[in-house]
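Please read the structure below before turning to the comments.
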Amino acid sequence: MKVLLAISALLGSALAAAIPSLGSEYNGYKVFRIPTVDQNLAQVVRIIKELELDTWEFPKTAGSAADVVVSPSQLSAFEEATAGLTVEVMHEDLGASIDAESAVVSTYEAGNLTDAWFNSYHSYNDHLQFLRDLQAQYPDNSELITAGNSYERRPLQGIHIWGSRGKGKPGVVWHGTIHAREWITTMVVEYMASSLLSERSDATVKSILDKYDFFIFPITNPDGFVYSQSRSRLWRKNRQPSRNNNIGTDLNRNYPYQWEGRGSSSNPSAETFRGIPGDSPEVQAHTRFMQSVARSQGVKMYVDWHSYSQLFLTPYGYHCSRLPQNHQKHISLATAFAQALRAVHGTSFRVGPTCNTIYQVNGDSVDWAVEVGGFELGFAAELRDTGRHGFVLPASQIKPSGEETWAGIKALMARM
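According to mature numbering (1 follows the signal peptide of the UniProt record, and there is no 0), the residues represented by the sequence shown are -16 to -1, 1 to 400, in order.
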C-alpha cells in the first residue's frame, strides 16, 4: 500500500507540471478593447469583419466593448482602421501572458489535498485526482459521479455532495468549463465544492445541505479543456467533427431548446456553431443525467459557470422580450449573490436577464434547464474579470475569485 501511495504521489507531481507553455502560438499578438458608442458601433463592427479579427467579446449594442485579438501581421491595418477611436490595451503580448499563466503550476501530490491547490492552474488529470481526493476526504457526505463520456471518450466526472440527513433531496447542479478556455471556472467550481464539504458544520451551510443534494461537474467539456492545455490555449468548443473538415460544437448553443436563432450560428467554423440540437455526446449525457435526477428526487437550481465579464445572469437567453414567471425571484436571488460577493473583495457583478444584459443566446444550458429540465431556478455566471486579462486570468486571482463567489452563492442559497 505504501508503495502504491508513493507511486500515486509521484504520478500526481508529474501531472501537475504537465501543462505545456502555449504562448509561442501567440507571440507578438496583442489584445485590445474598443469601447463603443452610438456613433462608432457600426464602424467597430466593420473593422472586426474586414480585418477578420478574432473576438473575445463582440459589441452587440452601443455602450458595449469589442475585445479583439490582433496578430502581428494585422497590427498596421488595425492601427490605421482605428485611428480616432479609443483603444485600450488588454495584453501587450498575449504569448507572454499565456506563458506566465502556465508557469504558475504548484506540485500536487495525490492524496495531499490542501488550499495550495487554488494557487495555480492544473492539468486535466490532476483535476480528476482532485475529485478523487476530495471524495476520499469526506466519504460520508460525497460520492464520485459520471454523467457519461465526451466525444473523445473522456469521463464527464463530477461529485455528489449531501448533508447529515443523507441523500435524496432536490438537486442543485453546477457546471463549469463548458467553454474550454475558461479555466478560472474549473478552479472556482472546485473551490465551492470543497467549501461545501469543509464548512458543512457551519449553520448556513448545514441548513443548505439539509435541504438539497449537490451534483457538481467542474469540467463539462473535457476534450476542449485538454486541447486548450495541450494545443491551443484559446480553444472554446468541444472536439466533435462537423462538415467541411471543421472541428467543434459550442456546447452552450447545442442544448435542445430554442436552439435555432440569431444567438447561435449554423457556420461550423464559427465559435458559436450550434450543430444539430443536442447532438454532442456531452450535452446528451448531461441532459440525461439532469433528467434522471429530476425524476428520482426533483431539482431546484442550475448554475452554469463562465468567464469573463463579472455578470450573474437570469433567464432567458433566447429572447429579449420574454421572462420566466418567477423572474422577480431570479432577480432578487441574483442581487443577493452580487451583494454578498462584493462584500468580500469589492468586486462588482451586474445582474439581469441574459439576452438583455449581454446578447441573445440560443440553445444554452440555462434556458433548457428551466424550460425542459424541470429546474425552478437557473443562472449563468460570468466570473472575473471585466477585460483587463479576459480569459488569461492570472493564477493569483483564483483564490480571491473562489472566496467571493462562494460568499455570493452561499447568500443566494440561504434565500432560495
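No residue lacks a Cβ here, since even glycine has one placed at the ideal position from N, Cα and C. Source: prediction; values computed, not measured.
Short Cβ contact (8 Å threshold) for residue i with residue j
i           : j    : result
D369        : L377 : yes
M285        : M176 : no
G386        : V172 : yes
Q141        : L118 : no
Y108        : E85  : no
F198        : I145 : yes
L325        : T271 : no
Y196        : K151 : no
L297        : T338 : yes
W40         : G374 : yes
P4          : V28  : no
T256        : S264 : no
H59         : Y10  : The sequence shown places Leu at residue 59, rather than the His named in the question. No, Cβ-Cβ distance for L59 and Y10 is not below 8 Å.
A364        : V354 : no
V210        : K394 : no
P202        : H111 : yes
S316        : E366 : no
I32         : T66  : no
R165        : L6   : no
residue 433 : E244 : Summary: the structure shown does not reach residue 433, with the chain confined to residues -16 through 400, and so no result is reported for it.
A46         : L25  : yes
Residue i versus residue j: straight-line alpha-carbon distance, rounded
i     : j    : result
L396  : E64  : 48 Å
R372  : T169 : 17 Å
A(-3) : R237 : Interpretation of A(-3) is limited by its pLDDT of 39, a score under 50 that renders its predicted location unreliable; no figure is taken from the coordinates.
L181  : N125 : 8 Å
G259  : T233 : 6 Å
V328  : R227 : 47 Å
G347  : R246 : 11 Å
A131  : P206 : 12 Å
V277  : R215 : 35 Å
L(-7) : A94  : Because L(-7) carries a pLDDT of 37, less than 50, the predicted location of this residue cannot be relied on, and the following value inherits that uncertainty. Roughly 8 Å separates the two Cα atoms.
D38   : A318 : 31 Å
W219  : S134 : 16 Å
R358  : N230 : Rather than Arg, the amino acid found at residue 358 in this sequence is Gly. Taking the straight line joining both Cα atoms gives about 34 Å.
D82   : A398 : Sequence inspection shows Ile at residue 82; the Asp mentioned does not correspond to that position. Each residue's Cα considered, the two are about 38 Å apart.
G12   : E76  : 8 Å
G208  : G147 : 33 Å
I192  : S293 : 28 Å
Q113  : N251 : 37 Å
D22   : P139 : 47 Å
P384  : K14  : 27 Å
D51   : D194 : 43 Å
V283  : M274 : 8 Å
R223  : S178 : 29 Å
G262  : I162 : 14 Å
Q268  : A61  : 44 Å
Q121  : E127 : 11 Å
A391  : R149 : 24 Å
G160  : D288 : 6 Å
T97   : K221 : In the sequence under discussion, the amino acid at residue 97 is Leu, which differs from the Thr named in the question. L97 and K221: Cα-Cα distance of roughly 30 Å.
A80   : S305 : 43 Å
R184  : H314 : 25 Å
L295  : A320 : 13 Å
E36   : Q242 : 29 Å
S280  : R334 : 35 Å
S57   : S253 : 22 Å
A87   : S212 : 15 Å
I200  : E174 : 8 Å
L307  : S380 : 38 Å
W352  : P123 : 32 Å
Paired residues, beta bridge with residue i - DSSP
i    : result
W158 : I200, V287
V54  : K14
F321 : None; F321 has no bridge partner.
T39  : V52
F363 : V287
A46  : S48
P19  : A49
H314 : Its beta-bridge partners do not exist; DSSP assigns none.
S126 : I145
H75  : V15
P225 : I231
Closer than 8 Å to chain C by CB, residue i
i  : result
G7 : In the structure shown, chain C cannot be found, because there is only a single protein chain.
### Query
So, do the region 298 to 316 and the region 324 to 344 have three or more beta carbon pairs nearer to each other than 8 Å?
yes
### Task
Identify every run of the beta strand (DSSP E) within the region 249 to 310, keeping only runs that are complete inside it and at least 3 residues long; order them along the chain.
283 to 291, 295 to 298
### Query
Hey, is the region 226 to 241 in contact with the region 95 to 104, meaning 3+ C-beta pairs nearer than 8 Å?
no
#### Entry: Secondary structure, beta strand (DSSP E): runs of 3+ residues fully inside the region 128 to 196
139 to 145, 155 to 160
### Message
Counting beta carbon pairs with one atom in the region 15 to 22 and one in the region 69 to 84, are three or more of them shorter than 8 Å?
### Response
yes
### Task
Enumerate, from N- to C-terminal direction, the unbroken beta strand (DSSP E) stretches of 3 or more residues contained entirely within the region 332 to 363.
334 to 337
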